[in-house]
Structure formats: structure tokens, C-alpha cells
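The block underneath contains the structure these notes are about, expressed in C-alpha cells.
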Amino acid sequence: MTPIRRQYLKIKEAYRDSIVLFRMGDFYETFDDDARLVASELDITLTGRSLGKNLRVPMAGVPAHSVDSYLARLVKKGHQVAICEQLSDPAQSKGLVDRDVVRVVTPGTVFEDSLLDQQANNYLAAMVAEGDTVGLAYADITTGEFAAAQMSFSQLPLELARISPAEVIVAQSALSGWESAEALDSREVNFSLTATDDTSFETKTATENLLGYFRIQTLESFGCENLPLAVSAAGAIVEYLERTRPITRPNDQTESQALKRIRLNNLAIYSTQQYMALDNRTRKNLELLQGGKGEQKELSLIASIDRTKTVMGARLLRRWIGQPLLELEALQRRLDAVDGFHADGLARNRVASTLSTVPDLERIIGRVVAGTVAPRELVALKTGLEAIPELRNSLDGFGFELQWLQAGLVPCPEVVDVIEAAIEPEPSGGVGDGNVVRSGFSTEIDELKNASANARQYIASLEQKERERTGIRSLRVGYNQVFGYYIEVSKSQANGLPDDYIRRQTLTHAERYIVPELKEYESLVLNARERLAEAEEATYRRVCEQVAQSAATVLRASAAVAEIDVFAGLAQAAVDNGYVRPVVDNDTTIRIRDGRHPVVERVLPSGQYVPNDVELSSESRVLVLTGPNMAGKSTYIRQVALITLMAQVGSFVPASEAHIGLVDRIFTRVGLQDDLATGQSTFMVEMVETAAILNQATPRSLVILDEIGRGTSTYDGLSIARSVIEHIHNSPRLGCKTLFATHYHELTELASTLPGVRNFSVAVAEEGSDVVFLHRIVPGGADRSYGVHVARLAGLPQGVVNRAWEVLTDLESEGRAPVQRRARGTGRSGTSGEASQQLPLFAAGPSLVDSIRELDVANMTPLEALNKLYELQEQANSLL
Ligand code: ADP
Ligand code: MG
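Per my numbering: the sequence shown = residues 170 to 1049.
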């Protein structure tokens, strides 16, 4: 085994769970299983390398200069990658180069812009359970957000769905428990689960880690004395960051130095009681952040209301949509603020144009603290901070509703001043070439620049001088990497040159010389360049450190900017889309006049969306909505949920009037999901989800049920749907406001037995065999399904439609209506022996089937066969 192999194996042993990228010269290499994995994941060539006698190991490598893009792909696929660098200079070390892992890149600890989504947070979470209680903490190392909470086990999936972390760490000993936890079973959030040392989750260790990280004596100020599990999750995050060292650089010697670079805000302890609970299914069904089949963003709620101008604002709005408020006072304050901007278009535009100059203050200040900020970002930071007094002034004209926001808009003149004084307004990309630090800021840099400029000038003038001295007009001064500056003269003129000419190089047609003076200036130029680079880097670092001192103030300002951005944006959306301010209170009523679906109305040509009212209260708490397919049932019930949610986010709503009694949870369930991709029995899923509602809803919840029971046969489905409604209606623990859309019009009977149930249907105008969907919701149940009408609208051949009319008329006159519905193919019971009953269309043509069956195909001539085929077709045509 070669020494390098031994070195590799030792390092790999310490990072068994990670893919180790082993720096060798200009490449990062992987070996053995890592190599196989990387080759297939990145689609690169698997090679081999001899690393000892008879020892050839698989190897796959990526060039060091493009490692970021490979890293991004590996991390996106959920792998951890340990980056092992060369720590000593290969040119100067004798024998083996020192190597060690400087950083472990994991999905939750990426810091590079290229690996991040600007508009969304990238969270690392940690969780720990004890009995029925869970401690959950999460952090975004790029923005510094850090929060923790304690909650019951049943709330965990909701929180995970809301946070949508990229990675979750758990204690090693609990890993298998978490992997099989039922609570995570139905999760559809994709995160990688990472196991870490049990000790990092112990309350004592965790507390010490937090105290050490924040350099404080007690955790009391965070308000987590009585939340040991929240503390242990938060502590585990800090320790994990210490170990993965996300923002380290090769020359960081100690871990504590590396850790210092990661800036987390003070730990925010929160309670899940503050926010409306939304399970993952509901988030998806309501298409809050992504909508449509291809999960496009344009067809989502956020696309309808996001008019933010900054990425901080965009991220905040995303978070707000994910956690609507339950607290009336906080909600009123938001609505007041939106109202303020809504009422004053001039101020709104002024604020919007100021905001559009503000860069990502949050992430830039993070990079300043980490020491990875680029000069141009510093300048952007300055521009952004300069906008803050402007924003403050813009808010002056407003009343109480916006002035509280001014408090957060603390300008940071010390940061603006130091950047202004120290950094060129348009600096170059890298530090060190003399184009970053402004002249006049550092005498040392200025002198170095002068010296090198003078020397350069001397060299530039040398050509003319020497031409005159030698009389050789074609003499020229040049530069190359090996010989530095030289004087070049063609061979034919190389005789009789002055004595101080020293020959350095002979080319085919020319000779190259130096003169002592030239070399003196040359070393001036080259030295100055090197010293300038050093001086500029040092100065730049000092400036960054100085700016970093104000990180807390900048963050506060950034948070205020984000809020103003969201409020102004929500007001703009309200103006653009014709929304009104909802009345919110602790009542139990939801009353909406002329409500619209915020996404569907944008997709339809303007003016085509038909608004509808709704009234839900404890007296009329269950609405059964019937009507044909495509009438607008699903749209209507979702619109009620979306308007309620928007109101509790603090947004105006698409309606002419809305009164929302606060809702503690919104549930939505959709029977027979369109996406069968999950491969699970959809009916089973449907029932599991329905069970969850019956177990978790409270009288304050809003439940949206769309075609529940459709995933099974008619009678089963009908029975389940019916008993679910009865249970919701009757159970004293429930009685929640419920909207139930169904095409089972038999369910309209429920209204006559249950006092809280009301029937509604979607109006349909019937003109002969044509129907027109009016999309208008009217009291009373639908008495028929219009299935055949819909089939015709869908373009089924006229013959088939006509035949369907016949069959339907027959069935209706025989009073066998349920069979008619089953015949539309929604039933799963079609495999039983009653084919003739269930498939009347085919049952009606037995003679045709019989004649096909009787054919003696083996003994027919081709001509006979053709004739027979023609005959059969005639017969078939006559049938339809
Ligand atoms: P259903 O659930 O009754 O089958 P959907 O709610 O899916 O019907 O609506 C079908 C289509 O009808 C929608 O995609 C939309 O284009 C249109 N639609 C629904 N509601 C309205 C409305 N209120 N005004 C105008 N068009 C509507
Ligand atoms: Mg529908």
C-alpha cells in the first residue's frame, strides 16, 4: 500500500457516512465505493489507479475548478460530501502532502449561492422525541434564522411540512425509530435524515453548546428554561454546524475559528399554537406555493399575491403563507399596514421603487460575517442601506398603521460610511489587483500603486529612449513570463549595441537583451504588485470586520425592509386584483360575498370568473355541494379555504366583502387524486386522510372535502361519504365548518335529517341536449348529474352519446338509477359477475357479440372474411 493510500483510508474511516473528495493536485478524486457512486451519480468515467503492489482501486475525479457544480448535484441528491484539502504546499513539502477534511457539505449546510434558491430558505432542522413530546429546531445558515419549539408528536408532521427542511438531524440511537415513525410515514416533504452523536442531543451538552456559541451565561433570555427538548434540538444544530464547518476556508486552523464564521441570530422560541396548522396534503391541494400539474409556480396562490421587490420580502411572504396567524391583534396590525399602503398609491409606488434597489441584505451580511463576501456585494450592501432613510421618510406621511414599522428601519451610517470611504464604487471581481480599495483610503496602497505606475511609465518610455540611443527604429520593449521585461532587436541590427546591453535570449530572427536599469524597475513593478495584493487583501478584510460589527443592526433593518416589502406588495396585489380588506374576528362565522378563486380568476379571460357567496356558521355548518363534473365545485370550495387563509395571512381577499371568524386549521381532502403516481391505493390514502381529519379537527376548523368516497364503488363511496358527514355534523368534538363537494346527488337527502346541513348546487342552463355551466352556486341540491351532457361536451362520438341517452332513459324509467351511475365507469366493482348489468352499452348488443363468436375463422377464405367484416360493421352501425 502506498503512503497516500494509507492517508486516504485513515481519513475515509473518520468520514464513513460521507463521500470523500480527496484533493490531488488539480483534481478531487474519489476511491472505491465512493468512486462507483460518484461515477454513476455524476455520469463521469470510472477509472482505476494503482495504489500499491497488486492494488488497483476504482477511482473517479472531478476538476477542482468546477467542483461547485458537481457538489451541487451530489448534495441535491441527498449525499453528504467531505472535502479533503491539501493543507501543505505540495511544492514545499517533503514526502506526503498534509491532507484533512476541512468541511462536510450536506443539504442543510450549503452556503454557496449556486446551490441555493434565492426566494426560499434552506433549512437545517434537528428533532428529538421523548414520550409524546418532540423538540424541533431549525436554522438557515445563510440568513441566520434560528428557531426552536416543543410540541406534541402529532404536530410534528405539520411543522415539518411548513418548514420543509433540506436536512433533518436526529440522534444515532433514535434513527431507526424515526425512519419507521408513523408520523413521518405520510410525509411528502423530502429531506435527508442524518444521524449524529447521541451526546449532542443530551440536554446538558446541548445547553453548554448553546451557551458557548452565543457566549452567554444562561439561556433564560431565550425563554427556553422549561423546554428541554427544544434546547437539545437547538444544541444539536450548533454542534452539527461545528462539525460540518460550512463556512470554513482551508486556512482556518481551528474549529472555533470556523464556527465563528457561522452567524446565527438569537434562538427564537416559538409555539405552534400561534399559527394555523396546515398539513402537507392541504398545502398541496390548495396550491399555496406551487400549482397545476407541472407544479408551476405561476399557478399558485403566492404567484397571485407576490408583488415583493426584494428577495427578503419574497422569502418572508413565503413563510407567512406557510403559517397564517391565529392571533387577532397581530393580524389586525398586518391588515392595517396593508390598508395603509392600499390607500396611498403614491407612497406605495415610491416605496416600491426604493425597495427595488435593495439587494439581499440578509445573505450579504451573512457573507460579510463569514468573510466570503465579494467587493461588489459590499457596494450593493451600501446601496441597500442608503435606501433605508429614504424608506423611513416614505413612511412619514402615514398614520399609526405604518409608523410602527419605522422603528425597525435603523440606518447604519457607520457601515455606509466605511464602505463609501474604502471601496471603489465599481470594484473588480477579485480582491488584490488594486481595483477594490478606493484611492485615498490607505496611504500604503496609494504609494504602492504610485510606485508601480511610475515604474510602468518608465518602462513604457524606455522604448523611445533606447531607439534614440541606438538609432534602431525597430527596437521594442516586451515582456514574457520567463524572462520578464526585455529589449528586442532584430538579428541584422544586433551589432554595435551599447555596452550595458546584456543578451538574454536568442530567437531565429531576433536577439533579446536587458539593461540593469530595466531590471531594477521591473522588480519595482513586480514587487509592488505583490505587496499591493497583500495590502489590499488586508485592508479589505479589515473593512469587512468593521462592517461585521454592525451585523445585528443590518439584520434588524433587513427584517423591517422585508416586512414593508410584503405589506406594500400585498397592497399592490389587492389593487391589481381587486381585493378587499377582510373583517377578521373571533366569531365562528365565515361570510363571503362575491368571493373568487385567486388563481383560477387569473387564468380565465378577464371578467369571465363568476363570483359566489358563502355563509358558514354554527347553524349552517355543513354545505353539501352537488352538480355535474366541470361545473365549478372544486373551485368553489377551495376558494372559500383560500380566502380564509389569505385573511389570516394578513392579505386582502378576492371578494366584495368578507367576514372571517378565525379558523385554527384548514383541512382539505380530495377523493380520487389525479396524481396516481404515488402508486398507493388511492382509496386507502383517501380514507387514511379522512380519518386524520375526524381525529384532529376542532369546532374552529375548516374542512374541505372534495369527492370523498369516489375512489370506490358507488354504494361503498356513498355510504362512506354519508357517514363521514354525519359524524362531522353530530360529534360534539367536531361540528366544524365543512364544505363537501360531491357528484353523488343522493347526499342531498342529508339536509332533511341533519339541522346543520345545507344543500347547494351549481346552476346549469339546459337547452335541449346542451348544457351551459353557469358556475353560479345556488341553494338546493342538484337532481341529476348531466354526465351524458358532459360526455358530449368532451367530444365523445355522436353515436355513443345517442346510445347513452337511450340507455339512460331506459334505466331511469326502470328506476335503476344507481346502476346508471355505476355504468359511467367510476366503480371498482366491475370485476364481479354482473357484467351484463353494469355494462349496458355492450349488454345491449348481444347479437353482435354472438355472431362474432360463431365465426369459423380457421375455415374462411380471405374474401369471405372481408365480406363478414363488412357485414359486422353494418350491424354495429345500425346499433348506434
Ligand atoms: P368540478 O369540481 O365541479 O368538476 P371544477 O371546480 O374543477 O369543477 O371547475 C372546472 C372548470 O370550470 C375550472 O377549471 C374553471 O375553468 C371553470 N370554473 C370553475 N368555477 C368557475 C367560476 N366561478 N367562474 C368561471 N369559471 C369557473
Ligand atoms: Mg371537482
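Even glycine gets a Cβ: it sits at the ideal position worked out from N, Cα and C.
Which value, in whole angstroms, describes the spacing of the CA atoms of residue i and residue j?
i, j, result
"P334", "N291", "7 Å"
"V744", "R807", "22 Å"
"L224", "V207", "21 Å"
"D734", "Q324", "31 Å"
"H678", "D615", "42 Å"
"A316", "Q492", "14 Å"
"E589", "G819", "38 Å"
"V716", "I592", "12 Å"
"R681", "P544", "41 Å"
"A704", "D267", "28 Å"
"L388", "L362", "28 Å"
"C581", "V587", "10 Å"
"A728", "D833", "27 Å"
"G925", "E788", "5 Å"
"I471", "S786", "28 Å"
"I188", "Q319", "34 Å"
"R972", "N449", "44 Å"
"R762", "P326", "34 Å"
"P987", "H766", "Confidence at P987 is low in this model, with a pLDDT of 43, below 50, so its placement is unreliable and the value that follows should be read with caution. Each residue's alpha carbon lies about 33 Å from the other."
"F821", "T813", "10 Å"
"A241", "E570", "44 Å"
"D186", "A827", "54 Å"
"E1126", "R760", "Outside the modelled stretch of the chain, which goes from 170 to 1049, sits residue 1126, for which no answer is possible."
"F1011", "V957", "With a pLDDT of 43 at F1011, under the threshold of 50, the predicted position of this residue should be treated as unreliable, though the coordinate-derived value follows. When rounded, the distance between both Cα atoms is 17 Å."
"F191", "E254", "7 Å"
"S473", "A731", "18 Å"
"P276", "S692", "48 Å"
"T675", "L666", "15 Å"
If you compare alpha carbons, which of the options is closest to residue i?
i, options, result
"K688", "T171, N434, Y627", "Y627"
"I438", "E613, A549, L305", "L305"
"V940", "L977, L871, L831, A800", "A800"
"G647", "S659, K660, E632", "E632"
"E467", "G956, V1026, R771", "R771"
"V839", "W974, L455, L1038, I534", "L455"
"E531", "R519, A726, Q176", "A726"
"V244", "D258, L211, M228, V684", "L211"
"V712", "L644, E680, V600, I180", "V600"
"V542", "E706, L388, T199, H914", "E706"
"V538", "T722, F322, L329, A289", "T722"
"R452", "F836, Q249, L485", "F836"
"G937", "Q319, W974, E348", "W974"
"E583", "G603, L554, L574, G598", "L554"
"L494", "L676, A446, F191", "A446"
"L410", "L379, F652, V730", "L379"
"I683", "I188, L903, L644", "L644"
"Y955", "L977, V969, R331, Q967", "L977"
"Y690", "T907, R625, L215", "R625"
"G1073", "N619, A824, E336", "In this structure the chain extends from 170 to 1049, so residue 1073 is not present and cannot be described."
"E377", "A364, I406, F360", "I406"
"V548", "E371, G514, G598", "G598"
"S342", "D367, E328, V585", "D367"
Would you say residue i touches the ligand ATP, meaning its beta carbon is less than 7 Å from a heavy atom?
i, result
"T911", "Annotation note on the ligand ATP: not contained in the displayed structure, which lists the ligand ADP and the ligand MG as its ligands."
Since residue i contacts residue j with CB under 8 Å, what's their CB separation in whole angstroms?
i, j, result
"C905", "I897", "6 Å"
"I1050", "P751", "Residue 1050 lies beyond the residue range present for the chain, which begins at 170 and ends at 1049; the question has no answer from this structure."
"R308", "F510", "It is worth fixing the name first, because residue 308 is Ala in this sequence and not Arg. Actually they are not in contact, since the Cβ atoms of A308 and F510 sit about 32 Å apart, beyond 8 Å."
"Y197", "A233", "6 Å"
Does the contact criterion of 3 or more C-beta pairs under 8 Å hold for the region 784-796 versus the region 477-486? no
When the Cβ atoms of the region 777-784 are set against those of the region 875-893, are three or more pairs found closer than 8 Å? no
Which full runs of the beta strand (DSSP E) of 3+ residues lie inside the region 179-238, going along the chain? 188-193, 196-200, 216-219, 225-232
Flag this pair as touching only if the region 599-611 and the region 555-565 have three or more C-beta atom pairs under 8 Å; answer yes or no. No, because fewer than three Cβ pairs between the region 599-611 and the region 555-565 fall closer than 8 Å, the two stretches do not touch.
Is it true that the region 266-274 meets the region 385-403, where meeting means three or more beta-carbon pairs spaced less than 8 Å apart? No, the region 266-274 is not in contact with the region 385-403.
Is the number of C-beta pairs between the region 284-300 and the region 508-525 that are closer than 8 Å three or more? no
Any contact of the region 905-916 with the region 946-965, i.e. 3+ C-beta pairs under 8 Å? These segments touch.
Sequence ranges, beta strand (DSSP E) only - wholly within the region 880-929, length at least 3: If we require 3 residues or more, the beta strand (DSSP E) runs fully inside the region 880-929 come out as 906-911.
Can you check the region 616-657 for any beta strand (DSSP E) of at least 3 residues that lies completely inside it and give the ranges in chain order? 645-649
Could you tell me which whole alpha helix (DSSP H) segments of length 4 or greater appear in the region 488-552? Within the region 488-552, the complete alpha helix (DSSP H) runs of at least 4 residues fall at 497-512, 514-524, 530-539.
Continuous alpha helix (DSSP H) assignments of at least 4 residues falling wholly in the region 239-309: none
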